[in-house]
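To convert, note that position 213 of the sequence shown is 213 in my numbering; the numbers rise steadily by one, no gaps.
For every residue, glycine included, the Cβ atom is placed at its ideal position computed from N, Cα and C.
Heads up: the structure comes next, in structure tokens.
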Amino acid sequence: MLDGKRILLIVSGGIAAYKTPELVRRLRERGATVRCVLTRAGSQFVTPLSLSAVSEDKVYDDLFSLTVESEMGHIQLSRDADLLLVAPATANILAKMAAGIADDLATTALLATDKRVMVAPAMNVRMWEHAATQANLATLEGRGIERIGPVEGDMACGEWGFGRMSDVPDIVAAVDSFFGRGRRLAGRRALVTSGPTHEAIDPVRYLANRSSGKQGHAIAAALARLGAETTLVTGPTHEPEPPSVTVVRVESARDMRRACDKALPADIAVCAAAVADWRVAEPAGAKIKKGKGSASPTLTLVENPDILATLAASGNRRPRLVVGFAAETDDVVANAIAKRVAKGCDWIVANDVSPAVGTFGGDANTVHLIAMANGEVEVEDWPRLSKQAVAERLADRIADTLGAVS
Ligand code: C5P
């Protein structure tokens, strides 16, 4: 059921818009509140009056209408929703969303929102197959936007093929499952490591690496959104603290190991931190001075504790699901498969960090999930996704495997 859920339905200009009064009715029957935004082209296919009648609310249709702005600004419209659903989503509105264009109320609400967005594309098969549309969809999916359909069938234009908007019951089912996913990890405890570590050379200098913490922080946020009680143990980063997550800030690998130990017991451990493999054996107590004629210092390194391997081997304190990361520059999958065994973890998320790919510090990630299924290694190649979308997908997979505590 969708009791109390607030859906902002954005209707753009396709023939399938005629199905939207029925969509509103079905969503409301399930307990949702539906508020409609109609684009100018959309209003050629369905009248504001019909949508207003079925939603029992005002229909919003013009960004520059003073009445709308004084009653309800475009920012407020998207803030007041739990989900933005674009149905039908034409090739045009998908292109505007991908490019970040905001030239009417619908696209402005879509650009201003911090809520989840689903799109139900509807267009002629040629437009659907066009490289521009496919590229726009890949961009949107990379940002975590979910797509419902389209399906194959007869088109209003007389052609047959992909591009028909999904049927109303299928759209309702997708919305249902979107909300059903909420709090799928309620009662579970999760531990996530993130960021680099800093290994002191002396009180002012340290050894570090290029990890930004973006991926680990996004994973902690995604697990918390699914209801897991999440502790994020992070090395020094500039990433904002994710909401509803207990954040423990550490500097070195040894601090990180201690903080992780304190965070047990946990059901899930995701080690996304780029932990320094070595530390300086004996950091200087005072700043090392350079001076005329004095020799350059020699750093003796010793190996750091392997936090992932320690967690995976922690006996009855071992989290049920231990997930590691493998940052590789060559033979990404083969090396990651070997690493899963060497570390004793359940899954490995392998990512390509060769400089050409720009994973470190960037917003996107190309990963492969290496898991075990029926005693066999299973490799899933994920498309290039934003780090946030990788996090959502991983959290979803974790929830599929563990579920909530009943
Ligand atoms: O051995 P490598 O550094 O490639 O392994 C990467 C994985 O191991 C990541 O999940 C990382 O968080 C974890 N790791 C760790 N402690 C270390 C080194 C790596 O937890 N000292």
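* To do: With DSSP collapsed to three states, give me the class of Glu378.
  => Position 378 of the sequence shown, counted from the first residue, corresponds to residue 378. DSSP places Glu378 in strand when its eight states are reduced to three.
* Asked: Excluding five sequence neighbours on each side, which residues of the same chain lie with their C-beta closer than 6 Å to the C-beta of Ile288?
  -> Residue numbering aside, residue 288 sits at position 288 when the sequence shown is read from its first letter. Answer for Ile288: Asp202 and Pro297, listed in chain order.
* To do: Pull up the DSSP beta-bridge partners for Lys60, would you.
  => Position 60 of the sequence shown, counted from the start, is the residue given in the question as residue 60. For the sequence presented, residue 60 should be read as Tyr rather than Lys. As DSSP reads the structure, Tyr60 sits in a beta bridge with Val37.
* Taking the C-alpha atoms as reference points, what is the distance between Ala312 and Val275? -> The residue you call residue 312 lines up with position 312 of the sequence shown. The residue you call residue 275 lines up with position 275 of the sequence shown. Those two C-alpha atoms are separated by around 16 Å.
* For the ligand C5P, any of its heavy atoms closer than 7 Å to the Cβ of Leu420? -> In this structure the chain extends from 1 to 406, so residue 420 is not present and cannot be described.
* **Separation of Gly324 from Ala138, as counted between CA atoms** => Position 138 of the sequence shown, counted from the first residue, corresponds to residue 138. Position 324 of the sequence shown, counted from the first residue, corresponds to residue 324. So the two alpha carbons sit approximately 27 Å from each other.
* Reducing DSSP to helix, strand and coil, say where Gly42 ends up. => The count along the sequence shown starts at 1 and reaches residue 42 at position 42. For Gly42, the secondary structure class from DSSP, reduced to helix, strand or coil, is helix.
* Top-ranked residue by Cα proximity to Arg320, from Ala350, Val125 and Leu264 -> As a working note, residue 320 is residue 320 in the sequence shown. Comparing Cα-Cα distances from Arg320 to each of Ala350, Val125 and Leu264, the minimum goes to Leu264.
* **Paired residues, beta bridge with Thr256 - DSSP** => Along the sequence shown, one-based indexing puts residue 256 at 256. The question names Thr, but residue 256 is Met in the sequence shown. Per DSSP, none; premise fails for Met256.
* For Ala269, which option in Asp330, Ala395 and Asp170 has the closest C-alpha, if you only look at C-alpha atoms? -> Position 269 of the sequence shown, counted from the start, is the residue given in the question as residue 269. That would be Ala395, whose Cα lies nearest to the Cα of Ala269.
* What does a CB cutoff of less than 8 Å around Ser408 pick up in its chain, not counting 5 residues either side in sequence? -> Because residue 408 is not part of the residues shown, which for the chain are 1 to 406, the question remains open.
* To do: Give the secondary structure of Ile307 by DSSP, where H, G and I count as helix, E and B as strand, and everything else as coil.
  => Sequence index remark: in the sequence shown, residue 307 carries index 307 (1-based). The answer is helix: DSSP assigns Ile307 an H, G or I state.
* Asked: According to the Cβ coordinates, are Thr39 and Ala81 closer than 8 Å?
  -> Numbered from its first residue, the sequence shown carries residue 39 at position 39. Numbered from its first residue, the sequence shown carries residue 81 at position 81. Their beta carbons are not under 8 Å apart, which means Thr39 does not touch Ala81 by this criterion.
* Considering only the beta carbon of each residue, do Thr234 and Arg249 sit closer than 8 Å? -> One-based indexing of the sequence shown puts residue 234 at position 234. One-based indexing of the sequence shown puts residue 249 at position 249. Result yes, Cβ atoms of Thr234 and Arg249 sit closer than 8 Å.
* Report all residues from its chain with a CB closer than 6 Å to the CB of Arg184; omit the five preceding and five following residues, and keep chain order. => What you label residue 184 is simply residue 184 of the sequence shown in a count that begins at 1. Counting only Cβ-Cβ distances below 6 Å, and skipping sequence neighbours, we find Leu226, Ala399 and Ala404.
* **Own chain residues within Cβ distance below 6 Å of Ala91, not counting five before or after** => Your numbering for residue 91 matches position 91 in the sequence shown. Here the set comprises Met123, Met127 and Thr133.
* Asked: Any idea which residues DSSP pairs Leu111 with across the strands?
  -> Taking the sequence shown and counting its residues from 1, one reaches residue 111 at position 111. Per DSSP, none; premise fails for Leu111.
* Going along the chain, which residues of its own chain have a beta-carbon closer than 7 Å to the beta-carbon of Asp381, five neighbours each way excluded? -> Position 381 of the sequence shown holds residue 381. Same-chain partners within the cutoff: His368.
* Give the straight-line distance between the Cα atoms of Val172 and Pro88, rounded to the nearest whole angstrom. => Taking the first residue of the sequence shown as position 1, residue 172 is located at position 172. Taking the first residue of the sequence shown as position 1, residue 88 is located at position 88. Cα to Cα, Val172 sits roughly 13 Å from Pro88.
* Looking at the unbroken beta strand (DSSP E) that takes in Asp170, where does it start and where does it end? -> Counting from 1 along the sequence shown, the entry for residue 170 is found at position 170. Careful: Asp170 lies outside any beta strand (DSSP E), inside the alpha helix (DSSP H) at Val168 to Gly180.
* To do: Name the two residues that bound the continuous beta strand (DSSP E) containing Asn351.
  => Translated into positions along the sequence shown, residue 351 becomes position 351. Note, Asn351: beta strand (DSSP E), Trp347 to Asp352.
* Using 8 Å as the Cβ pair cut-off and three pairs as the minimum, do the region 203-222 and the region 240-255 touch? -> yes
* **Pro265 in three-state terms, based on DSSP** => One-based indexing of the sequence shown puts residue 265 at position 265. Coil, per DSSP.
* State buried or exposed for Cys260, treating a residue as buried only when at least 16 other CB atoms are found within 10 Å of its CB. => By one-based count along the sequence shown, residue 260 stands at place 260. By the neighbour-count rule (16 or more Cβ atoms within 10 Å), Cys260 is buried.
* **Assigned secondary structure, Glu299 (DSSP; H/G/I helix, E/B strand, else coil)** => Here residue 299 is taken as the residue at index 299 of the sequence shown, counted from 1. According to the sequence displayed, residue 299 carries Leu and not Glu. Of the three classes helix, strand and coil, the one that applies to Leu299 here is coil, per DSSP.
* Quick one: any contact between the region 190-200 and the region 160-167, if contact means 3 or more CB pairs under 8 Å? -> no
* Asked: Is the closest heavy atom of the ligand C5P to the C-beta of Cys157 under 7 Å?
  -> As a working mapping, residue 157 is identified with position 157 in the sequence shown. The answer is no for Cys157.
* List the endpoints of the continuous beta strand (DSSP E) containing Arg249. => As a first step, residue 249 is located in the sequence shown; it is residue number 249 there, counting from the start. Taken as a continuous stretch (DSSP letters only), the beta strand (DSSP E) holding Arg249 covers Val245 to Arg249.
* Using beta-carbon positions only, say whether Asp170 and Gly149 come within less than 8 Å of one another. => On the sequence shown, position 170 is the one that residue 170 refers to. On the sequence shown, position 149 is the one that residue 149 refers to. Yes, the Cβ-Cβ distance between Asp170 and Gly149 is below 8 Å.
* Closest to Ala208 by CA distance: which of Gly13, Phe45, Trp278 and Ile101 is it? -> Locating residue 208 in the sequence shown gives position 208, where the first residue counts as 1. Nearest C-alpha to Ala208: Trp278.
* **Ile307 beta carbon near the ligand C5P (any heavy atom closer than 7 Å)** => Counting from one through the sequence shown, the residue named residue 307 turns up at place 307. It does: the Cβ of Ile307 is within 7 Å (strictly closer) of some heavy atom of the ligand C5P.
* **Sub-8 Å separation of Gly42 and Val86 beta-carbons** => Locating residue 42 in the sequence shown gives position 42, where the first residue counts as 1. Locating residue 86 in the sequence shown gives position 86, where the first residue counts as 1. Not a contact, by the Cβ cut-off of 8 Å.
* State yes or no: is the C-beta of Lys339 nearer than 7 Å to some heavy atom of the ligand C5P? => For the purposes of this step, residue 339 is taken as residue 339 along the sequence shown, with counting starting at 1. Answer for Lys339: yes, Cβ within range of the ligand C5P.
* Over the uninterrupted beta strand (DSSP E) stretch that includes Gln368, give me the two end residues. => As a first step, residue 368 must be located in the sequence shown, where it is residue number 368. The displayed chain sequence assigns His, not Gln, to residue 368. Going by DSSP, His368 is part of the beta strand (DSSP E) stretching over Val367 to Ala373.
* Quick one: using the 10 Å Cβ neighbour count with 16 as the cut-off for buried, is Pro166 buried or exposed? => As a working mapping, residue 166 is identified with position 166 in the sequence shown. The question names Pro, yet the displayed sequence has Ser at residue 166. When all chains shown are included, Ser166 counts as buried.
* **Closest by C-alpha distance to Ala364, when choosing among Asp346, Leu49, Arg384 and Asn304** => Along the sequence shown, one-based indexing puts residue 364 at 364. Nearest neighbour of Ala364 by Cα position, chosen from Asp346, Leu49, Arg384 and Asn304, turns out to be Arg384.
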